Amino acid sequence: MIQLIRGVRDILPEEVGLWQKIEKTATSLFENFGFCEIRLPVIEFTELFARSIGQDTDIVEKEMYTFLNKKDELITLRPEATASVVRAYIQHRLYAVDPVQKFYTIGPMFRKERPQKGRYRQFYQINAEMIGVDSPLADAQLIFMLVELFNRLSVSDISIHLNSLGCPECRPGFKKTLQKFISNTTAKLCSDCDRRKDKNPLRVLDCKVFACREAMKDAPSITEHLCNECSEHFEAVKIALNDLNIIFEIDKRLVRGLDYYTRTTFEVQTGSLGAQSAVAGGGRYDKLIESLGGPSQPAIGFAIGFDRLAEIISSNSVEVSCKPDLFIAALGEKAKNMALKWSCDLSLSGIKTETDFSDKGLKGQMKKADRIAAAYVLILGDNELGEGSAILRNMTTKEQISVPVDGIVENIRLRFAENQKVL
RNA sequence: GUGGGUGUAGCUCAGUUGGCAGAGCACCGGGUUGUGGCCCCGGUUGUCGAGGGUUCAAGCCCCUUCACUCACCCCA
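Counting in the numbering used here, the first sequence runs from 3 upward without gaps.
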């Protein structure tokens with residue numbers, strides 16, 4: 003048997019209802035906030051990701067699916083969506099009419115990591131990106147919209163973590179301050195932190211090893227080393243969030259692994275996903291568009307982990323069904339031919355109709371109708387054919403009536419149209 | 001890439017010191033000739049993840065390998 007590739011998975015029909023519900027909730031909410039859908043390819047030139055995410059990040063260094071095409075160009079299955087959104091914004095000069103553009107997009111991303119709970123090699127994200135707005139009010143609005151999505155999906159076990167990473171003006175200075183603190187500390191860091199303390203000292207703040215957390219307990223905080231502009235921006239975001247009654251906590255260890263982030267970063271965390279606590283995350287990337295060759299426009303966005311969101315909702319079990327309204331139990335060849343026509347016509351008129359074309363007896367077909375939870379069964383056998391009628395049975399109340407074969411589709415259609423008071 | 005756990009029927013899982021491959025659920029048939037659920041009776045279902053080794057004999061012991069899973073790293 004051919005099995006699926008490691009780290010990817012099938013979303014089976016019973017789960018798809020939940021996925022559709024999440025998708026509909028998100029898209030209608032985002033559109034109410036003025037975001038428009040954009041659909042993007044899943045492959046791009048590798049350089050796009052190397053330049054946006056950062057050459058030295060783990061994602062680019064070892065987690066991308068990268069191939070050589072026939073023209074010897076390096077192409078990559080996208081590990082995230084923001085880079086592609088920005089590329090499209092620049093390539094199609096969407097800024098020419100109005101530099102302010104708001105997009106959302108849903109689709110699969112790919113990262114070659116060892117799979118575990120809530121982490122797959124093909125995973126799905128819902129992204130929202132707002133380009134061209136610098137105001138801290140935009141940051142607050144975006145976070146408000148994100149929180150509202152969780153509310154609408156009845157996800158309550160979450161917390162909002164907030165931080166600011168500064169900008170190219172103030173971050174290098176903080177990096178040096180932090181490096182000085184680390185080299186002065188006597189405490190022993192784990193081998194990973196020892197390795198990354200020079201290249202990316204911010205990551206040491208994020209380490210989960212107890213010894214490192216202890217050692218970094220009194221480490222300088224970036225929010226205290228922001229330049230005036232960044233500091234004012236961050237304060238304004240906090241005030242705006244308070245005005246919107248968004249409860250959040252400042253998390254100075256929230257550093258994130260993509261190089262393009264500036265200023266505001268945030269994460270939605272949950273306790274119900276094992277070691278994977280982040281279910282959504284995002285932040286500002288004010289310099290990315292310019293660095294990819296576009297106009298100098300600020301931007302902010304977030305990504306929601308679709309698989310993770312579905313996971314935490316399904317543990318609260320949302321029932322989404324695709325039960326048929328009507329099951330046609332036909333006995334004999336003539337009856338089956340009539341059933342075929344009827345079921346096609348009824349399906350077209352919006353009634354979920356199921357038919358069994360096998361040679362099962364009536365008992366077997368009733369059993370099947372029961373198993374798939376059909377609300378009504380239409381029985382057509384030799385007796386009924388002789389009388390020119392069929393039997394319509396309510397599977398809950400066991401009531402049944404005789405319906406003339408002449409005009410039966412219209413008859414049933416009208417019965418279902420009358421507010422489900424079919425029988 | 002590193003470490004732990006788990007692989008036996010469609011599903012959930014038993015399987016003793018190595019000795020005929022099991023249960024529940026599901027499915028199929030019958031009881032009830034054309035009426036589902038509940039009940040009763042009967043039946044089907046296996047590369048015991050794969051490959052090799054030890055043995056008269058391996059689901060069980062040994063080696064290798066693969067997959068799943070959880071965690072690390074990192075991230076949504």
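Even glycine gets a Cβ: it sits at the ideal position worked out from N, Cα and C. Values in this document were obtained by computation on a predicted structure and should not be read as measured data.
query	result
With DSSP as the reference, label G284 as helix, strand or coil.	strand
With which residues is S404 paired in a DSSP beta bridge?	I393
Residues bridged to E356 by DSSP?	F329
Is I13 helix, strand or coil when you go by DSSP?	coil
Is there contact between the segment 24 to 41 and the segment 62 to 72, where contact requires at least three CB pairs shorter than 8 angstroms?	no
For the beta strand (DSSP E) holding V379, just list the boundary residues, first then last.	Y378 to L382
Count the CB pairs spanning the segment 41 to 56 and the segment 86 to 100 that are closer than 8 angstroms, and state whether there are at least three.	yes
Does the separation of the CB atoms of A142 and L246 fall below 7 angstroms?	yes
Nearest CA to the CA of I55: which residue from S161, Y97, Y67 and L290?	L290
Is I291 helix, strand or coil by DSSP?	helix
Quick check on the DSSP output: the beta strand (DSSP E) that includes F146 runs from which residue to which?	Element bounds for F146: not the beta strand (DSSP E) but the alpha helix (DSSP H), P138 to R154.
Go ahead and pull the three-state DSSP assignment for K26.	helix
For A341 versus T357, is the C-beta spacing smaller than 7 angstroms?	yes
If L256 and N165 are in contact, beta carbons under 8 angstroms, what's the gap, nearest whole angstrom?	4 angstroms
Using three-state DSSP, classify N202 as helix, strand or coil.	coil
Taking L243 as the reference, give the member of Y106, L148 and I403 with the closest Cα.	L148
Report the residue ranges of all beta strand (DSSP E) runs contained in full by the segment 40 to 89; include only those spanning at least 3 residues, in chain order.	45 to 47, 67 to 70 and 76 to 79
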